[in-house]
Each structure stands twice: as structure tokens, then as C-alpha cells.
Amino acid sequence: MRYRPLASNNQEKIDSLAIFLYVVLLLIGFVSIASATSDVNQAFYDLSDVAIKQLVFIVGAILIIFTIVFSNVVVIDYFAYGFYAVAITLNILVLFLGREISGAKSWFGFGGFGIQPSEFAKVATAIALSKFLGTYGVRFQGWKNIATALGIFLLPMAIILIQNDTGSALVFLSFFLVLYREGLPGYILMSAVWLGILAIFRIISEATGVSSFYGYGFLLGIGSIVVFFVRKDRGIAILVTTIAVVSSLFYTIVGTFYLKILQQYQRDRIELVLGLKEDDRGLGFNLKQSKIAIGAGELWGRGYLKGTQTKMGFVPEQHTDFIFDAIGEEWGFVGSTLFLLIFCGLLVRLVIIAERQSTVFGRVLGYSLASVLFFHMSINIGMTMGLVPTIGIPLPFISAGGSSLWAFTLFLFTFLRVDQVRK
Amino acid sequence: MDKNKSKQLVFLGLIFFIFVVYTLRLASLQLGDVPYKKMAINNALNKITLYPSRSNVFDRKGKLMVYSTQMYDLSVFPFEITKLDTGLLCSILELDIQTVRGLIADARVRAKKRQKNNSFNNSALFYANLSNKQFTLLRENIYRLDGFFIESRTDRQFATATLSHALGYLGEADEELIAADNYYQPGDLVGITGLERFYEKQIRGIKGVKTVWQDRTYTERGVVKDTQFNYPATAGPDVISSLDFVLQEYGRSLLNGKKGSIVAIEPSTGEVLAFINNPDYDPNTMVGRDRANTFKTLLRDPQKPLYNRAVKGVYPPGSTFKTVMALIAMQEGVLTPETTHGCGGGYRLGSIRVGCHPHGGPLDLRGSIRISCNSYYCQVFRDIIDNPKYGDVKLGYAALEKHLRSFGLGSPLDIDLLGESRGNIPSVSQLDRRHGDRWKSSTIISLSIGQGEILLTPLQMCNTAAIIANRGWYYSPHLVKRIEGFKDTAWDRKYKIKKFTSVSPQYFQYVIDGMSEVTKPGGTANGTGIEGIEICAKTGTAQNPHGKDHSIYIAFAPKDNPKIAIAVLVENGGYGATWAAPIANLMIEKYLQGKPESSKPEMEERIKTSVIQ
Ligand SMILES: [Zn+2]
């Protein structure tokens, strides 16, 4: 594919299906926030402070949309690294000037409002990565290029880790999916999955007190047997041996990391999700209440404004990270499945749009958006249902809060704007 | 581009995969078996129990005898105790630190149990029945005791100390009761004895519920509008007792210094007018904080103040039983009012001798009752059971036993109290066991004068008097006249249906004629009568193998259209005429004439001030 800079001529119509799904999600979000933060016996129009604030954020988002739609798309291309530099700078500055909220120093405060630069780092990183991979002559091979591409998203990830906002930092792992699309060999991702499985096994055996001997025995035993049978083919034998040895090494590292480096509360959190621990009052309380909220919805839901689990604060962060509970409780299985369908529909639409890009820039940007949204959605909803450890990241377009909404709106419409000039 | 196409498919597959997994997870949560909805409701709804007042209890004339007062408990959310000022709690409740820790541990166990039932509201009773001082201190300091709160409920107050055995006392519902009846919660008060127990379901009233929304911090967030979740407590309905407060008080004062019982019944209704035991206890000491301690003390008291001898104590009826023997003999056709028997200071039959006190020549039926001749009734007794028409002493005795049982003897009278004794009317087989198979009328001759195996409760003695007063029938005695708004056919069947004896009404007059002379010159209770009241009575003395004989007296008055039947038993009082007769007659006077002053002040004074060890 030939490198072509973005041009502002030859405009298509902006993708209306994506916008439609965006608007629907925004409405669902607002309606859910209004419910989750209202008091009992309170009418819908009697909006809570949080809901009014969210209305302001939505107005802000509309302003962002118009700004993007009416500005020249070339700006994005031209200032790609500039945005990135600004985002990195802001994320470093926040370490010194930021407000500390629940242990993470990731907020700039302005009176009652706060801005979280890490949210904007995602879109800036995506643009920078798109620019880099889209640059003429850059192919996703050669150590230097690979290192640069990795560096573009590992740098903000590292900074955000320092901010102690683990959830937001982990989001940057979704760029690996983009790299896979752009040529990162599949076996690397497969290896990552394999290592993930190994890690989970190690943690389970540590947490349940099973001797690590069985793990080593399994890895090296199976490895030896396979090597024995393929000993004629030196190449495969060496490969299997390498895998077995590396796996065992990794197994050791995970064990050490788990026991020596992780704090007790982190271990508790992991063990809770792996179902190795029952705890109804402490850490598990939030998880249990979240499951009760969703479960209470049953087939048709308890009805709008009638979700007591969310309203009464039994669910933690009921309007931000656990907003999905409000949907699950009030709209039931039918409503929450429909919601999943809408969200996944947007993701599928974004993948399709990304694939129709004629530029690498456009495609990388599209896949970045889809991957980041996918990561957010699956972690966030998985967390509320107890499938994923409690990692505090918002549900895009739904959770209350300005930074997330504005950053994702910016992300989405930048991409849709790029899509407009795809030919 | 194939490779790219497949990579796109990997993406779409990933999205699809998550969608499927999450939909399945949603299904397992929302369509599965775990009652999440119930758990959510239990979380957010706090049902606050509103305790009703127990019934007020009035006497038959409308005097309030028992009422409810407010009392307070300290409850706790044991898992919400973040920083407990144990010292403060200890000093307010005047407990040591070990006890307080123990109470917290108990509360945790109970709260955990509640939580097991999917209840988010896991509060538990911490300390019941706060004293006034504790309540005042706690109300001022409750904000310093995180997780603690005060709940109110009602307790009893008695207008008099004489109602202990009739009304009974309350206690905290035990675990067994709570398990059996989900109306009760730990700390609830429930009637343990007396009317409080018998009519518990009516007297307790109906608990109310106030349901409020509560958030995670247990803060009230408004009342739930649905009326189904909110209803006020309904106080127990007014209970109109059949007792006569004045008579009750008076009777208790007459029993001062003496062990015994007084039971009085209105014959025409079976309503109990007085129900008195001594020793008893002041029911006002069995309320509130001190209940448990008082109970322990009373339980250990060798005087047995908790013992309800009026329905639980059994005594040989002695000579009072001659009235019944005469009635049965007439019914059996072996005795007429004119039948005379001589008495030579006793009755002799072989080696058996039943003594009699000195009195003049052959007596007829009337005289035999007036004078209480033992020989006369030995003969009457033998005539009944040796009656040739039965041919066998056992068949003759069986006929007697049947008659006796028709007087409500040998089985409980079904008074509205629990634990009533049946007394004893020996059966043929019981006599066989006792005397061997080959007994004769002479073997069991002591039954003729109310000694031996025949045992009656004071209530049964009184009911016998009521039967004679009614000329042959009775209502099961009861302490409750009515409960407002309470209609129960089972209750009516028990207390509103006449029970007839197997003795025809026509025979009663002859016995009553004899009884009417007992308090007159020549009678066994001469000198104890009351001017202007025709008292029909019979004295008795119950042999007591453990000490001095018991003094017994049954009576009713007036002779025609009787208003009151009474039985008095004074333990170790000796002759019936000595203690029981004056007490009963004073009671009759008080009830029928209702004057503050007795016409026999010296007798009254002697009775009130005498002490029998
Ligand atoms: Zn005699």
C-alpha cells in the first residue's frame, strides 16, 4: 500500500450508522446515570447533580463534534506528533500538579471539574502510531521500527502506571491488537495467550497451596516426551525444548512475582476473581453487590428508576465504573443483551470502516479506536459481572465523567472525519 | 489481501466471542437460580418492627389491673462497629469488658444468622430492657457508639401485687419458640404462665411494620410508599377478666401469714371471682431488666412462690367430700333424707376403726352434714359400693367412680390456665395395685370421708361447691369474661356449655339443707357465719402425713340463687372451722354486701394477723 497523506478534497458522507450508534449509546448513558444517581421516590425530570453535570459534558461533546466536523482534517495529520507530545507532557505534569483521587494522581482539578489527561493520551497515542506506521517506507519489521512503534504506546503506558492508575495504563495493551493487524506475527500474540494461561495456573496453584513441582513436571515432562518422539527432526525438537524451558522459566518468574512483588491486597483481588476466595464483606462486597444488581434485573428488569442496588449505593461507583449495573438491574437480560449488541455493533462497524480505509493512517487509527473501545468494554462489563478483576476503567460513552466522554468523542469523530476523506 | 481478510475475521471473531461469553454470563446471573432480586430487595428495604402494646386487663367491674409500659433495648449492627468505645459502653451498662465482648460476639452470631437468610439488614439485639438511667445515658451518647441504636417495645405494669398466679408473667421468647413461630424474634416478650400465656395470641396484639428504603450506610431514604409494606401495630384488645379486684385484694390480705389458696366462682357462669395463692410474688418485680434475676430468686425460694397451688396443688378433700357422697348415694337409691345411722364415737368393722367426734344420737342426712359424722358416711359409702344390685364391690365402686367423674373430678376442669392438675379419683385398677386384688369396701373405707387416694385441687373443691349451688351442673371455670373483638367457637364450646353431673337435681336440696346449718348453732363452723347471709357450707380437714392437717372449707351463698361459690384451703391450719371457714365467710360477705367494714371485725382482725408456720 502506497503512502498517501490525508487530503481534504474528495469528501464522502460521514458514516451515519456509526453516528447513530454513538447517539444511542450516549442516550443510554445519560438515562442510566440519571437513574443511578436519583433518590428513591424521585421523578426522572428531577435530575441529580451528577446527571446535570453529565448534560453539560454532553453539550461539550457536541461542541467537540462540530469543531472536528468543520475543521480541516489535514490538521490531524500535520500535528499528529504535536498532539502526542502535548499529551505526554500533560501526563507528566499531572504527576506534579495533579489531584490525588482514590490513590491515583491523574487528575487536573478546576474547581468542581477535573480533567484526566490519560484519557486523552489514548487518542493522541493512536494518532501518533497511525502517523508513524502510515509514514512512507515504514514497514512493521526491523527492530528499530518495531521498537519505535512499541515505544509510542509503552511510553504513555509507563507514565500512567507511575500515576498509579493501573486500569488506564493497561488499556494501552490494546495497541498490541493493532500491531497484529499491521503485521505483528500471530505467534507472538499466541505466545502471550499461552503465557497468560501459564500465569493463571501458577497463581491458582500458589493460592491453593498446590506444589509448583506439578507445573514443572507437566511442562518438562510433556516437553521431554514430545522431544523424544520428534527427535529425528532437530528443528522441531529444539523449538519444543525452547518452549518448555522458556515456559518453565516464566512459570518461576510468575511465582516469584506473585509471592514477592505483589501486595496482599493485589493478590486478594486476583484470587477473588479467580474464584479462589470468598469474601462477602471486604473486597468481595463490591463484586457481590454488583452481581446482585445485575441478577436482580432478571428477564425484563426491575423497571426504570427502580434499581435499588444502584440508587442506594450498594453498588460502588454506580454512575461511573459500575454503570452497567444500572442497565442490568433496570432493563434486565433483554435490555443488557440489547445493549451489548449495540456496543458490539459499533465495534463491528468500526472494524468494517477501518478496513475500507485506503491509507495506513486511517486503518491504524480505526483499529486503534476499535481495540481501545473493545478493551474498555470487555474489561468494564466483565468486571461488573465478576469475570475480570476489578480494574477501574470507564464504560465508554456510558459512564459519567467528562474526560472519558470527550476523549472518546474526539477519538471517534477524528476517525470518522478521516474516513470521510478515505479516497 | 487474504491474510488481511483473515486478520479482520480474527477481530470480528474476538468481538463475537466476548458478546457470546458475556451474554451467557448475563443469562446465568439474570435467569439463573440465585435469588438476586430477593437479595436486592432485602438490601434496600428495612422492615422496622412496630411493637404493639399488650392488652390491658380489666376486672369484672372495669378496674384496670394490668397495662403496658414503654421499655427500651439496645441493638447493634455488629459488622458496622468500626471503632468501639468499649469503656463508654461498659460504664453506661455497668458491665465489665469481658461481658461486653461476649455480647458483641453473640450479636455477631445472630446477625450472621439473619444475613444467611439473604438479609442485608443484619442488626441484632445487644442488650434488652434498659433501665431508665441506662436509657437516658445511651440516648445522650448513642452518636458516640457507632453501629448501635435504641429500639423501643412495651412491658407490663400491674395495678396490684395479688395477680401473680392469675395473670402470670412474661419472659423473652426462647429459641425453641422462635423456631416454631416466626412471629417471634429474639428479645420479644411472650406470656410464660397465667392468662398472659393462655391468651398470648390475643393479648400480644399484632406487630406493625414500617418499611423504609435504606442505603448502604443504613441511612433511611424515605418510607416505602407501597401500603402493603406499612401497617401500624395493633394493640392487644381489652381483656375483661372475671376476677373481682376488691375480692382478690381482700382475699389476699386474709391469707397473710398462711399458706393456702382461695378460689371463688360465680356458679351461674363459671366465672372465677377470686384466684389467690400464698405464697405468691409481686408480678411487678417480674418486669423489665430484673426479670431474669427475680425469676432465679423466686425459683430458688423454698416457699415456692411460683407454685400455683390453686390449680396445681392436690389435697384430700376431707369431710367436704361427704356432700358428694350423700348426693351419689341418693342417686344410687341407697340413701334417703330420712335414713339414720347411729354413731358410737366411730365406725368399727373388724380391725378397721374410723373415729368420730362426740355428738348426739342417731343422725339423719341433714344432721350428718351439719355435724359431719364419719360413721354415717362409712355406712353410706358401704351402701353404695356393696349394693347387691352390682353383686361385686368392684362394680359398685366403678359406679361410684363414674358419678365422681361427672363432677369434673379426676380430670382437669379446663380452666384457662396451663398446667392444671387433674387431681385423683382412684380407678379400680389403681385400687388393685394399691391394695391387692382382693380389697373390700372396708379396705378403702377412708375414701368415704375424703381421705386416702382421693385428691382435689382447690379449684376442683370450689367447683364442687358451685355444682351443689347450681343443683347439678357447672360451667368450666374461667378467668376471662371476654376479649373485645375476639370470637372463638372453641372457646365458647369450652366455657359456654353446661356440664351436668349424673346426680338428679332433686337430691341436691337435701344436702343443701344440711350445708345451710353448718354455720349455725350445732354446725361444725358455728360462730363463723355472717348475719343476714344464708351460707351453705361444709368444713373439712385433710390429713397431712407431713405435718399438721390442712384446713378446708367449701361454701356458697345465698342458699337460693347463689352468687358465689368458694373453696378455701389453709395448709397446716387444722380444722376447717378454724381458718378456712372464717376466711371463706368473710369473702362471701365482702362479695355479697360489698361493705368496707366487716360485720365481724374481731374475726377479720384475727384472721389477718394470724401467722401459721
Ligand atoms: Zn359420728
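Sequence order for the protein chains is X and S. Just so we're aligned: 387 in our numbering is position 380 of the first sequence, and the numbers increase by one with no gaps anywhere. Just so we're aligned: 638 in our numbering is position 125 of the second sequence, and the numbers increase by one with no gaps anywhere. Think of the CB as a built atom: it goes at the ideal place given N, C-alpha and C, for glycine as much as any other residue. Being a predicted model, the structure only gives us computed values, none of them experimental.
Next item on the list: Could I get the ranges of all uninterrupted alpha helix (DSSP H) runs contained in the segment 81 to 120 of chain X, with 4 residues as the minimum, in chain order?
Entry: 81 to 85 and 87 to 104
Notebook entry, point to check: Taking Cβ-Cβ distances below 7 Å as the criterion, which residues of the segment 393 to 411 of chain X are in contact with chain A?
Noted result: Among the chains of the structure shown, chain A does not appear; the protein chains present are X and S.
Notebook entry, point to check: Is the closest heavy atom of ligand 1 to the C-beta of Y889(S) under 7 Å?
Noted result: What you label residue 889(S) is simply residue 376 of the second sequence in a count that begins at 1. Under cutoff, so the answer is yes.
Notebook entry, point to check: Exposed or buried, what is V1016(S) when buried is set at 16 or more other beta-carbons lying within 10 Å of its beta-carbon?
Noted result: Here residue 1016(S) is taken as the residue at index 503 of the second sequence, counted from 1. Flag for V1016(S) reads buried.
Next item on the list: Using a Cβ-Cβ cut-off of 8 Å, state whether D56(X) counts as contacting chain S.
Entry: Counted from its first residue, the first sequence places residue 56(X) at position 49. It does not; no Cβ of chain S falls within 8 Å.
Check: Do you know whose CA, among I775(S), P971(S) and G1089(S), lies nearest I884(S)'s CA?
Finding: To locate residue 884(S), count along the second sequence from 1; it is residue 371. Closest by alpha carbon: G1089(S).
Notebook entry, point to check: At least one CB of chain S closer than 8 Å to the CB of I299(X): is that the case?
Noted result: As a working mapping, residue 299(X) is identified with position 292 in the first sequence. It does: the Cβ of I299(X) has a partner Cβ on chain S nearer than 8 Å.
Check: Where do the N-terminal and C-terminal ends of the beta strand (DSSP E) with R995(S) fall, by residue?
Finding: Locating residue 995(S) in the second sequence gives position 482, counting from the first residue. Its beta strand (DSSP E) spans residues V993 to I996.
Checklist line | Any non-hydrogen atom of ligand 1 closer than 7 Å to H948(S) Cβ | finding: On the second sequence, position 435 is the one that residue 948(S) refers to. Result no, Cβ not under 7 Å from ligand 1.
Notebook entry, point to check: Does the segment 806 to 818 of chain S come close enough to the segment 1099 to 1117 of chain S that 3 or more CB-CB pairs lie under 8 Å?
Noted result: no
Next item on the list: For C1049(S), verify whether its CB is less than 7 Å away from any heavy atom of ligand 1.
Entry: By one-based count along the second sequence, residue 1049(S) stands at place 536. Result no, Cβ not under 7 Å from ligand 1.
Item checked: Chain-ordered neighbours of I528(S) on chain X, where CB pairs are closer than 7 Å -> For this step, residue 528(S) is matched to residue 15 along the second sequence. Here the neighbours are C351, L354, V355 and F381.
Next item on the list: Would you tell me roughly how many angstroms separate the C-alpha atoms of N631(S) and G116(X), rounded to the nearest one?
Entry: Along the second sequence, one-based indexing puts residue 631(S) at 118. Along the first sequence, one-based indexing puts residue 116(X) at 109. Low local confidence applies: a pLDDT of 48 at N631(S) is under 50, so the model's placement there is unreliable, with the coordinate-based value given in what follows. Their Cα atoms are separated by approximately 42 Å.
Notebook entry, point to check: Got a sec: does ligand 1 put a non-hydrogen atom nearer than 7 Å to the Cβ of C975(S)?
Noted result: As a first step, residue 975(S) must be located in the second sequence, where it is residue number 462. Checking every heavy atom of ligand 1 against the Cβ of C975(S), none is found closer than 7 Å.
Margin query: For a test of your reading of the model: does the CB of H872(S) fall under 7 Å from any non-hydrogen atom of ligand 1? Yes or no.
Written below: Taking the second sequence and counting its residues from 1, one reaches residue 872(S) at position 359. Yes, Cβ of H872(S) sits closer than 7 Å to a heavy atom of ligand 1.
Next item on the list: Taking R710(S) as the query, report the chain X residues whose CB atoms sit under 9 Å from its CB, ordered along the chain.
Entry: For the purposes of this step, residue 710(S) is taken as the residue at position 197 of the second sequence. Here the premise fails: no neighbours, minimum Cβ distance about 41 Å.
Checklist line | Proximal residues, the segment 33 to 65 of chain X versus chain S, C-beta separation under 7 Å | finding: D46, V47 and N48
Checklist line | Residues within the segment 735 to 764 of chain S neighbouring chain X, beta-carbon criterion of under 9 Å | finding: G735, V736, V737 and K738
Margin query: Can you look up I277(X) in the DSSP assignment and give me helix, strand or coil?
Written below: In the first sequence, residue 277(X) corresponds to position 270, counting from 1. It is helical.
Checklist line | Same chain, Cβ closer than 7 Å to Q316(X), five either side skipped, listed in chain order | finding: Counting from one through the first sequence, the residue named residue 316(X) turns up at place 309. Correct list, in chain order: Q296, I299, A300, A303, V322, D332 and E336.
Check: Closest by CA to D793(S), which one among M974(S), A805(S), G764(S) and T782(S)?
Finding: The count along the second sequence starts at 1 and reaches residue 793(S) at position 280. If we check each option's Cα against that of D793(S), G764(S) comes out closest.
Margin query: In this structure, how does DSSP classify D668(S) when only helix, strand and coil are distinguished?
Written below: To locate residue 668(S), count along the second sequence from 1; it is residue 155. Strand, per DSSP.
Check: Would you report the Cα separation of R947(S) and K1076(S), rounded to the nearest angstrom?
Finding: Position 434 of the second sequence, counted from the start, is the residue given in the question as residue 947(S). Position 563 of the second sequence, counted from the start, is the residue given in the question as residue 1076(S). Each residue's Cα considered, the two are about 41 Å apart.
Notebook entry, point to check: Where does V533(S) land, buried or exposed, given buried means 16+ other C-beta within 10 angstroms?
Noted result: Here residue 533(S) refers to the residue found at position 20 when the second sequence is read from its first residue. It counts as exposed.
Margin query: Taking 8 Å as the threshold (beta carbon to beta carbon), is N556(S) in contact with chain X?
Written below: Sequence index remark: in the second sequence, residue 556(S) carries index 43 (1-based). Taking Cβ atoms only, chain X reaches closer than 8 Å to N556(S), which makes this a yes.
Check: Hey, V736(S) and K723(S): beta-carbon distance below 8 Å or not?
Finding: In the second sequence, residue 736(S) corresponds to position 223, counting from 1. In the second sequence, residue 723(S) corresponds to position 210, counting from 1. Contact flag set, yes.
Notebook entry, point to check: If D1134(S) and S989(S) are in contact, beta carbons under 8 Å, what's the gap, nearest whole angstrom?
Noted result: Given a span of 514 to 1126 for chain S in the structure shown, any question on residue 1134(S) remains unanswerable.
Next item on the list: Count the other CB atoms, across all protein chains shown, that sit within 10 Å of the CB of V1127(S); report buried if there are 16 or more and exposed otherwise.
Entry: Because residue 1127(S) is not part of the residues shown, which for chain S are 514 to 1126, the question remains open.
Notebook entry, point to check: Tell me which same chain residues have a C-beta within less than 7 Å of the C-beta of A679(S), skipping the five on either side of it?
Noted result: Position 166 of the second sequence, counting from 1, holds the residue named residue 679(S). The residues are G707, L708, L756, F788 and L992.
Check: Taking DSSP as the reference, what is the three-state secondary structure of L683(S)?
Finding: The count along the second sequence starts at 1 and reaches residue 683(S) at position 170. Here L683(S) sits in strand by DSSP.
Next item on the list: Using a threshold of 8 Å, state whether the C-beta atoms of E966(S) and P939(S) are closer than that.
Entry: Against the second sequence, residue 966(S) aligns to sequence position 453. Against the second sequence, residue 939(S) aligns to sequence position 426. Contact: yes.
Next item on the list: Determine the chain S residues that contact I21(X) at a beta-carbon separation under 9 Å, and present them in chain order.
Entry: One-based indexing of the first sequence puts residue 21(X) at position 14. The contacting residues do not exist; I21(X) stays about 22 Å from chain S at best.
Check: Is L202(X) helix, strand or coil when you go by DSSP?
Finding: Translated into positions along the first sequence, residue 202(X) becomes position 195. If DSSP states are grouped into helix, strand and coil, L202(X) belongs with the helices.
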